[in-house]
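Q:
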Amino acid sequence: MANDGPKDKKKPPASMSMLEPRIRNIYLSFYKESYFKPSALDLKTKELIAIGCSLVAKCEGCLEGHIKKALELGSTKEEISDAIAVAVGIAAAGVVDFSDKAAIKLDLHHFE
């Protein structure tokens, strides 16, 4: 018989379980204020921006949550694809920026 490990498997800790409550509350307050209060951007637009930001920040949980919410708010697959494409462009620009800085520091001019 194979040993499948302990029968009482522990569930993963809740998000933000490593933050003391005071800091967690500050974050949640800011998030609610900046995200859910009426502003110049509607919530659907904020979700599309959040998809791109989640990708660039490499936050898988954020990405899944914001895609679900964007779909609930009526975002189309084309709108979500556009948000992803913008994130790809920004991420690629970051790579180019770092390589430009390295070229300057190392006085490299490979393809000029």
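The number in my numbering is simply the position in the sequence shown, starting from 1, with 37 added.
Beta carbons: idealized from backbone N, C-alpha and C, even for Gly.
1) Assuming contact is defined by CB atoms lying nearer than 8 Å, are Cys99 and Ser112 in contact in what I supplied?
2) Check whether the region 81-91 and the region 104-122 are in contact - that is, three or more C-beta pairs closer than 8 Å.
3) How would you call Ile104, buried or exposed, if buried means at least 16 neighbouring beta carbons within 10 angstroms?
4) What did DSSP end up calling Ser76 once you bin it into helix, strand or coil?
5) Roughly how many angstroms lie between the CA atoms of Met38 and Lys47, to the nearest whole one?
6) Please list the segments of the alpha helix (DSSP H) lying wholly inside the region 90-131, counting only runs of 4 or more residues, in order along the chain.
7) Let me know if Ala130 comes out buried or exposed under the rule of 16 or more other beta-carbons within 10 Å of its beta-carbon.
8) Using 8 Å for Cβ pairs, my map puts Ala107 next to Lys81. What's the rounded Cβ distance?
9) Within 8 Å of any Cβ in chain C, is that where the Cβ of Cys96 sits?
10) Note down, in chain order, each residue of its chain lying with its Cβ closer than 8 Å to the Cβ of Val132, except the 5 sequence neighbours on either side.
A: Working from what's here:
1) The count along the sequence shown starts at 1 and reaches residue 99 at position 62. The count along the sequence shown starts at 1 and reaches residue 112 at position 75. No, the Cβ-Cβ distance between Cys99 and Ser112 is not below 8 Å.
2) yes
3) Within the sequence shown, the letter at position 67 stands for residue 104. Result: buried.
4) Numbered from 1 along the sequence shown, position 39 holds the residue referred to as residue 76. Note: Ser76 maps to coil in three-state DSSP.
5) The sequence position of residue 38 within the sequence shown is 1, counting from 1. The sequence position of residue 47 within the sequence shown is 10, counting from 1. With a pLDDT of only 49 at Met38, under the threshold of 50, the placement of this residue in the model should not be trusted, and no figure is reported.
6) 97-109
7) By one-based count along the sequence shown, residue 130 stands at place 93. Its Cβ having fewer than 16 others within 10 Å, Ala130 is exposed.
8) Position 70 of the sequence shown, counting from 1, holds the residue named residue 107. Position 44 of the sequence shown, counting from 1, holds the residue named residue 81. Indeed, because the Cβ distance is near 7 Å, the residues count as touching under 8 Å.
9) Of the chains in the structure shown, none is chain C; there is only one protein chain.
10) Here residue 132 corresponds to residue number 95 of the sequence shown, with the count starting at 1. There are no such residues.
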